[in-house]
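Protein chains in written order, with the UniProt record's numbering: chain X, 1 to 628; chain P, 1 to 628.
Heads up, the beta-carbon is just placed ideally off N, CA and C, and yes, glycines get one too.
Note that this is a predicted model, so its numbers are computed, not measured.
Okay, structure first, notes after.
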């Protein structure tokens, strides 16, 4: 019979291997492929287009696109203004910082960003986390200037961190926040955020600064005497209004403008009500005086040495990761809907630069918001010009309309926040996780309860820990399966799955479904010997021909380390002592190389390595017949 | 053509899956298999034998075995007495504690342990770590009683931790200390230990309490005025003697007794010299008066509440893990040489109980020592009786021979320790790691330098971190390969490895060599699209027939999670938009189940799933021919 040899991968020097590995780690998408075989001028143009995507779509921009972008830009502006004010309050920052943050960053993103649908500005999760992390050490009411300084500094570090992730092409770090984790984390954060709004909705003055569910709820019910019925009535009516418009738009995506216009409508209506009845209504707190004018420079506000620097850096890194995750995920979602690509590492640089610049222009951390980007997409945005239109609208507001917000009640901001974050509670996704993967569901729930009962950071840490643990568990206790032959073919498949497959007499064919690592080599050794023992027991009971050969199908052993090689060596020795031949089949390239380099193959006899299970069986069977 | 269907694994309830998973995690060796189908009496006997292995070999014990055990027992006793005293000093404990620890624990192990060759007693690494961890907070010279109390308490917690690992069948935790890590860690620890002995060898009185290489070396050269030439001459001569005997025994294992007898010979010789010239020699410090008598009970010494309890628990857990790792590794090594099995979880219980009992009988943490077990093995030990013989010899020493140690110079203990630990520096193993696996070598070196320059615990933590990171890196950036057909067969193999393999026109066959997880789903999606792009570029250049179908061989995709499923769904959509068919081949059981449960398979057309690449290609080619 014709037996095929198992080949070694082509020889490579350590340097070549390192180069290949590093390019796979850092440049999996081969970002320079467009530059190959081009003239220097084209290279320059391509380079400009690479760093400033505006050069890519700018030359083809026309009036029709502009019309779409103006409509969508105005729509998201009407959402961005009330949300900006609300999210700034969520981060315990002055409301105007939220408007500043909706002006400068979108302009920068329009030049650097590669997504056409991302609507940039402050977002709920990052605002919450920033407010909560800084608030643990510094009080925003007692030291508002220090708090603002730290927020701006955290934004600077968030930007530096994001841009360096992109520059160093370490974008894969955000992949460690799995979808499952995020579902739980977002839902927990949304509940925390909504509960925080009870302060505004009930008109409570003395409220806990903590974020966990228990102190917040006890704070709500300890101060029932502070509940203000006027505030409650106004808050609940507008909340009902906002939720209804949201429901309408979710049902019919064509009516997106209903929910998009609702927040601004609520702000205007409630402001008019409060203004009209200002002599009669008491106990409704309002935003108060806001300063006119565009973003003041804030480079002098950065807090670059002192006892809280560590806190600012930590807050920056965590909010940086979170906002990056949201921004990239949103960008990818809408890119895949319109079938274009968003380069993760480039987006990171764009978002990072935007935050670095923002921190010097009185902006706190910003990214692509999911809710506003969805509205942007539905409103027909075609390019990043919609962000420019939005920024222009915010500019007009900053310059001329600020006095109008003086009588806007705070309660309305709470209602707007609740309506915005309630969409983050994706119970359907959680149910899908439960159906498909119990461990993913567990990771999701740990994040959820971690955020609710411990803290936002702890919830995140727990969830990442559970996700990692899941990977390690899979590696520690991998599947081993017994294979059988599907009659009339050369196909060998899992006996317990394929009823039609049958055992090959005198052979035990095992498949290992995992890399063989230090973490599982002892287990695999034990487990394989147990398979052999059980097979021998079975043979003894059924009086079949005795076991002569164990075939180890290594197709799914994707990697091996020195402990794994040791385990194979030990197994061979043990089986040899029991007069059972041990055969390896189809090791993948990397594994084959290591087996070769460790010289373990020399200890196998001539017939110790085959390319397919079928060839191994037929070749060894013929040997058995030759020497019975 | 006959096409085989891909089967789902047999249906199981959540409870059945959970039961199977848990039994694989906790009972991979099926420890109860011997109890199946046995009478109640046999079950009782087997149960007794399971918990007390002495009942297994005891009944067949005979005079011939006893003779071997007495010889080996006396041999290891001659090694255990000087080493016991030395290691206790290494842990900053009174020397007699080392002798106590060589008496009670071996007796307990003889009853409970399942290894026949393990020589039980104090070991260097655990002694070093215990001394160093406790010494960071409590000075052994200023508060010797507190220090001793903490050491005993740490021993108790080490025992509790070890026994519970065994009882809860969590033995796999020690697998996370990979061989590569241990090589580096041991070598680093050996160097630290040897450098510590410079204090004794040079006769320095004022020596640093720190463990890192830099303070130790500066301490050595800052106190050159304290160097005592008598001590140095004596120390170096005996060190040379011990190293020579060690060299002889390593070269000729038959002469094991040369190195086994050398430490005791050195102790006797040096004691005689010091005693004879005691009037003339000054500056040689000696052990001094040791109390006669067997282990005093020490349950009243346990430190169970107070500020240092946390320290004792932490020290207990770390020394517990380290001593467990050594004990189990040694047990397994010699078991595999004699072809018997050592049950890891049972050994953990035995070692744990031995330490728990030891902590109440003035013993500090003990385990199976590698060096003494090797001597035990070479001296022909047959059963755990050699441990009993050794304990009896130690008993005689404790009762009658203690005054003889009064004039034993401390310098000789230093020489004995250096000789014992020098074998832990396994540079050949490190070189082998370099040859076979660069990342393993990196883990090894991190542990080595971490121990040398930071601290023993940090070195350990770094090494475990690097090992974990290696697993995660493999998962984050898995291999994807392009497969081709080996002409005349149904074998599909890596094109870059098998020169004979050739592309199938109109098809791109990709193999993924890793689970598809949240940590790599974005990467794989990008990478696969890049393969498609590169294939299309190649086809365009060589004017071949256009790409019509991408076949994804999932044989080596050993698991998938919800993010992975999402990636497959996205890929299918993207390829569909480009009019390329997307086909999955041979998902393993677990993956198939999740694909099924997530209903993603319904989105594939009828011809979206095949059992082998060959069948996929021939079936789809015939379809292409039917509808050109």
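Checking the sheet assignment: what are the DSSP bridge partners for residue 610 of chain P?
The residue you call residue 610 of chain P lines up with position 610 of the second chain. BP columns for residue 610 of chain P point to P:585.
On the three-state DSSP scale, how would you describe residue 40 of chain P?
Here residue 40 of chain P refers to the residue found at position 40 when the second chain is read from its first residue. Here residue 40 of chain P sits in helix by DSSP.
Could you confirm whether any beta carbon from chain X is found closer than 7 Å to the beta carbon of residue 589 of chain P?
Walking along the second chain from the start, residue 589 of chain P turns up at place 589. Answer yes: the Cβ-Cβ gap between residue 589 of chain P and chain X drops below 7 Å somewhere.
Going by other Cβ atoms of all chains shown within 10 Å of its Cβ, with 16 needed for buried, is residue 5 of chain P buried or exposed?
Numbered from its first residue, the second chain carries residue 5 of chain P at position 5. So residue 5 of chain P ends up on the exposed side.
Please compile the residues from chain X whose C-beta is within a distance smaller than 9 Å of the C-beta of residue 149 of chain P.
Residue numbering aside, residue 149 of chain P sits at position 149 when the second chain is read from its first letter. Per Cβ cutoff of 9 Å: no residues; residue 149 of chain P is ~35 Å from chain X at best.
Which residue from X:278, X:15, X:407 puts its Cα closest to that of residue 290 of chain X?
Taking the first chain and counting its residues from 1, the one referred to as residue 290 of chain X is at position 290. Scanning X:278, X:15, X:407 for the CA closest to the CA of residue 290 of chain X turns up X:407.
Residue 263 of chain X beta carbon less than 7 Å from that of residue 94 of chain X:
Translated into positions along the first chain, residue 94 of chain X becomes position 94. Translated into positions along the first chain, residue 263 of chain X becomes position 263. Contact flag unset, no.
Is it buried or exposed, residue 1 of chain X, if we count other Cβ atoms within 10 angstroms and call 16 or more buried?
As a working note, residue 1 of chain X is residue 1 in the first chain. The predicted model places residue 1 of chain X with a pLDDT of 46, which falls under 50 and marks its position as unreliable, so this point remains unresolved.
Return the residue from the list P:529, P:593, P:234, P:117 that minimises the CA-CA distance to residue 30 of chain X.
Residue numbering aside, residue 30 of chain X sits at position 30 when the first chain is read from its first letter. That would be P:529, whose Cα lies nearest to the Cα of residue 30 of chain X.
Listed by chain order, chain X residues near residue 490 of chain P by CB distance under 8 Å:
Position 490 of the second chain, counted from the first residue, corresponds to residue 490 of chain P. What residue 490 of chain P touches in chain X: 490.
Are any of the Cβ atoms in chain P nearer than 7 Å to that of residue 436 of chain X?
Here residue 436 of chain X is taken as the residue at index 436 of the first chain, counted from 1. So, interface residue.
Is the CB of residue 7 of chain P under 7 Å away from at least one CB in chain X?
For the purposes of this step, residue 7 of chain P is taken as the residue at position 7 of the second chain. Judged by the 7 Å Cβ criterion, residue 7 of chain P is in contact with chain X.
I'd like to confirm something about residue 164 of chain X: is its beta-carbon nearer than 6 Å to some heavy atom of the ligand NAD, or not?
Here there are no bound small molecules, and the ligand NAD is not part of this structure.
So is residue 20 of chain P buried or exposed if we call it buried at 16+ other beta carbons inside 10 Å?
In the second chain, counting from the first residue as 1, residue 20 of chain P sits at position 20. The residue in question, residue 20 of chain P, is exposed, as its Cβ has fewer than 16 Cβ neighbours within 10 Å.
Could you please tell me which residues of the segment 536–570 of chain P, in chain order, have their CB closer than 9 Å to any CB of chain X?
537, 555, 556, 557, 558, 559, 560, 561, 562, 563, 565, 566, 570
Is it a yes or a no for the segment 338–353 of chain X touching the segment 143–156 of chain X, going by three-plus beta-carbon pairs under 8 Å?
Cβ pair count under 8 Å is below three, so no.
Count Cβ pairs between the segment 580–587 of chain P and the segment 549–560 of chain P that sit closer than 8 Å; are there 3 or more?
yes
Is there contact between the segment 416–429 of chain X and the segment 291–302 of chain X, where contact requires at least three CB pairs shorter than 8 Å?
Contact annotation: the segment 416–429 of chain X does not touch the segment 291–302 of chain X, with fewer than three C-beta pairs closer than 8 Å.
Residue range of the beta strand (DSSP E) that residue 480 of chain X falls in?
Here residue 480 of chain X corresponds to residue number 480 of the first chain, with the count starting at 1. Counting along the chain, the beta strand (DSSP E) containing residue 480 of chain X begins and ends at 479–485.
From X:356, X:330, X:273, residue whose alpha carbon lies closest to that of residue 164 of chain X:
As a working note, residue 164 of chain X is residue 164 in the first chain. For residue 164 of chain X, the nearest C-alpha among the options comes from X:356.
Which chain P residues are close to residue 474 of chain X, counting only those with a beta carbon under 8 Å from its beta carbon?
Here residue 474 of chain X refers to the residue found at position 474 of the first chain. What residue 474 of chain X touches in chain P: 515, 558, 559.
7 Å Cβ cutoff met for residue 500 of chain P and residue 486 of chain P
For the purposes of this step, residue 500 of chain P is identified with residue 500 of the second chain, where counting begins at 1. For the purposes of this step, residue 486 of chain P is identified with residue 486 of the second chain, where counting begins at 1. Cβ distance < 7 Å, so residue 500 of chain P and residue 486 of chain P count as in contact.
Grouping DSSP H, G and I as helix and E and B as strand, with all else coil, what is residue 553 of chain P?
As a position in the second chain, residue 553 of chain P is number 553, starting the count at 1. The answer is strand: DSSP assigns residue 553 of chain P an E or B state.
Return the bridge partner residues of residue 494 of chain P from the DSSP annotation.
Taking the second chain and counting its residues from 1, the one referred to as residue 494 of chain P is at position 494. P:483, per the DSSP bridge assignment.
State the beta-bridge partners of residue 368 of chain X as determined by DSSP.
Taking the first residue of the first chain as position 1, residue 368 of chain X is located at position 368. In the DSSP output, where bridge partners are listed per residue, residue 368 of chain X has X:120.
Cβ separation of residue 594 of chain X and residue 437 of chain P, assumed to be a contact under 8 Å, to the nearest whole Å:
Within the first chain, residue 594 of chain X is the residue found at index 594, counting from 1. Within the second chain, residue 437 of chain P is the residue found at index 437, counting from 1. Indeed they touch by this definition, with Cβ atoms about 6 Å apart.
Below-7 Å beta-carbon distance, residue 471 of chain P vs any chain X residue:
Start at 1 with the first residue of the second chain, and residue 471 of chain P comes out as number 471. So yes, residue 471 of chain P belongs to the interface.
From P:307, P:537, P:525, residue whose alpha carbon lies closest to that of residue 573 of chain P:
Start at 1 with the first residue of the second chain, and residue 573 of chain P comes out as number 573. Cα-wise, what sits closest to residue 573 of chain P is P:525.
Taking Cβ positions, are residue 52 of chain X and residue 111 of chain X nearer each other than 7 Å?
The residue given as residue 52 of chain X occupies position 52 in the first chain. The residue given as residue 111 of chain X occupies position 111 in the first chain. Their beta carbons are under 7 Å apart, which means residue 52 of chain X touches residue 111 of chain X by this criterion.
Proximal residues, the segment 61–73 of chain P versus chain X, C-beta separation under 8 Å:
The residues in question: there are none.
Amino acids of chain P, ordered along the chain, whose beta-carbon sits closer than 9 Å to that of residue 180 of chain X:
In the first chain, counting from the first residue as 1, residue 180 of chain X sits at position 180. Near residue 180 of chain X (Cβ distances below 9 Å), the residues of chain P are 518, 561, 562, 563.
Quick one, are the C-beta atoms of residue 398 of chain P and residue 137 of chain P less than 7 Å apart?
Working through the second chain from its first residue, we reach residue 398 of chain P at position 398. Working through the second chain from its first residue, we reach residue 137 of chain P at position 137. The answer is no: Cβ separation not under 7 Å.
Beta carbon of residue 365 of chain P nearer than 7 Å to that of residue 323 of chain P
Numbered from its first residue, the second chain carries residue 365 of chain P at position 365. Numbered from its first residue, the second chain carries residue 323 of chain P at position 323. It is a contact, given that the beta carbons lie within the stated cut-off.
Might you give, ordered along the chain, the residues of its own chain that have their beta carbon closer than 7 Å to the beta carbon of residue 382 of chain X, omitting 5 neighbours on each side?
Within the first chain, numbered from 1, the residue matching residue 382 of chain X stands at position 382. Answer for residue 382 of chain X: 65, 68, 69, 116, listed in chain order.
Compute the beta-carbon to beta-carbon distance between residue 361 of chain X and residue 104 of chain X, rounded to the nearest angstrom, for a pair I have assumed lies under 8 Å.
Indexing the first chain from 1 puts residue 361 of chain X at position 361. Indexing the first chain from 1 puts residue 104 of chain X at position 104. Their Cβ separation, rounded to whole angstroms, is 5 Å, which keeps residue 361 of chain X and residue 104 of chain X in contact under 8 Å.
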